[in-house]
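Participant: The structure that follows is given in the form of structure tokens.
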Amino acid sequence: MEIFKKLEINIPFSETLQQMPSYAKFLKELLMKKRKYIEEETIEALIDLGANINLMSLSMFKKIEGLELKPTRMTLQLMDRSLKYLYGVVEDVLVKVDKFLFHVDFVIIEIEEDVDVPLILGRPFMKTARVLIYVENDKLNVRVQDEEVNFDVFEDVSHPNDGKTCFHLDALDGVCMVQEKLVRSSSPLEKTLIDTCEDLNEEEEKLIDECLIDLDIKRNPFS
């Protein structure tokens, strides 16, 4: 076994590529001019630890030339437990991260494209790129052999959004109920007590009610 570990064989690089189906197919299509290069475009992508697939929207897929779509019977379960049928699968999409190039397989789904984050890279990409996430230092590390690239997570996601998007926030029922009590309260003291004492037990609430009644009698003795 030790002899086999020390044994080294030198073979031409071209023969090595021929033993790798993805690269062999890529070079063949490139030489036969079936595959086109497109101009590089820098976009943002979401690294999702909880996703076991790499996801691309159908509209994004149509913008990239030369991709071969393959049918699939795979379905995707969304957060609301509904099932979404996928449009297909594309293999060996070139994704450049800083100075590194990776061959990435994507599943294509017909959803509204997120302008800010058109790609979702899941655990398969993280395994290929040997991604390490340092939570303490807010760093993300991408490695290829002995080389690596580091990203500051918070710095990279802190850029302002140039797209003029309008958002709305739905108020929670609990907040609405508190505000309703404040509006209907008759005295400043009652407003203060309700605002600061939200988690009172039944006995404490009864005591406060008695105090409020007593205050109201003293304020209006002839009513």
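If you use my numbering, the sequence shown corresponds to residues 46 to 268, in order.
Cβ atoms here follow ideal geometry from the backbone N, Cα and C, with glycine treated the same way.
#1: Assuming Ala90 contacts Val162 under a Cβ cut-off of 8 angstroms, what Cβ separation, rounded to an integer in Å, is found between them?
#2: For Lys251 and Asp259, I'd like the C-alpha separation in whole angstroms.
#3: Under 8 angstroms by Cβ, that's how I've got Ile153 and Val134 pegged, so tell me the actual separation to the nearest angstrom.
#4: Rounded to whole angstroms, what's the CA-CA distance from Lys79 to Glu113? Just pull it up for me.
#5: Taking the alpha-carbon positions, what's the Leu94 to Asn246 distance?
#6: Note the first and the last residue of the continuous alpha helix (DSSP H) segment covering Arg168.
#7: Return yes when at least one heavy atom of the ligand GTP lies under 7 angstroms from the C-beta of Arg188, else no.
#8: Are the beta-carbon atoms belonging to Val138 and Phe151 less than 8 angstroms from one another?
#9: Can you tell me whether Glu193 is helix, strand or coil according to DSSP?
#10: Using CA coordinates, which residue listed in Glu192, Tyr179, Gln190, Asp191 is at the minimum distance from Val198?
#11: Using a Cβ-Cβ cut-off of 7 angstroms (strictly less than) and excluding sequence neighbours within five positions of Val140, which residues of its own chain qualify?
#12: Where Val194 and Asn186 are concerned, what is the direct C-alpha to C-alpha distance, given to the nearest angstrom?
#13: Report the three-state DSSP secondary structure of Ser127 (helix, strand or coil).
#14: Please report the straight-line C-alpha distance between Leu121 and Leu257, rounded to a whole angstrom.
#15: Indicate whether Phe196 and Lys184 have their beta-carbon atoms separated by less than 8 angstroms.
#16: Determine the direct distance from the alpha carbon of Thr87 to that of Glu158, and round the result to whole angstroms.
#17: Report yes if the CB atom of Met119 is closer than 8 angstroms to the CB atom of Leu131, and no otherwise.
#18: Give me the Cα-Cα distance between Lys107 and Glu136, rounded to the nearest whole angstrom.
#19: Check for me: the alpha helix (DSSP H) holding Asp105 runs from which residue to which?
#20: Quick check on Gly111: buried or exposed, where buried means 16 or more other Cβ atoms within 10 Å of its Cβ?
#21: So what does Arg118 bridge to, in DSSP terms?
#22: Let's test the definition: count the other Cβ atoms within 10 Å of the Cβ of Ser102 and tell me whether it reaches 16, buried, or not, exposed.
Facilitator: Judging by the given coordinates:
#1: Contact flag correct, Cβ pair sits at about 6 angstroms.
#2: Taking the straight line from one Cα to the other gives about 12 angstroms.
#3: Cβ-Cβ separation between Ile153 and Val134: approximately 7 angstroms, consistent with a contact (criterion under 8 angstroms).
#4: Bear in mind that the predicted position of Lys79 carries a pLDDT of just 47, short of 50, making it too unreliable to give a figure here.
#5: Going from the Cα of Leu94 to the Cα of Asn246 covers about 42 angstroms.
#6: Its alpha helix (DSSP H) spans residues 168-173.
#7: Of the ligands one can find in the structure shown there are none, so the ligand GTP has no counterpart to examine.
#8: Their beta carbons are under 8 angstroms apart, which means Val138 touches Phe151 by this criterion.
#9: Looking at Glu193 - three-state DSSP - the assignment turns out to be strand.
#10: When each option's Cα is compared against that of Val198, the closest is Tyr179.
#11: Leaving aside the five residues that flank Val140 on each side, the residues in its chain whose CB is nearer than 7 angstroms to its CB run, in chain order, Phe147, Val149.
#12: CA-CA distance, Val194 to Asn186, rounds to 6 angstroms.
#13: Of the three classes helix, strand and coil, the one that applies to Ser127 here is coil, per DSSP.
#14: Rounded to the nearest angstrom, the gap between the Cα atoms of Leu121 and Leu257 is 57 angstroms.
#15: A contact, by the Cβ cut-off of 8 angstroms.
#16: Going by the C-alpha atoms only, they are around 16 angstroms apart.
#17: Yes, they are a contact pair.
#18: Straight-line spacing of the CA atoms in Lys107 and Glu136 works out to 15 angstroms.
#19: Looking at the sequence itself, residue 105 is Met, so the reference to Asp does not match. Its alpha helix (DSSP H) spans residues 103-108.
#20: Exposed: under 16 other Cβ atoms inside 10 Å.
#21: DSSP output for Arg118 lists no bridge partner at all.
#22: Ser102 comes out buried.
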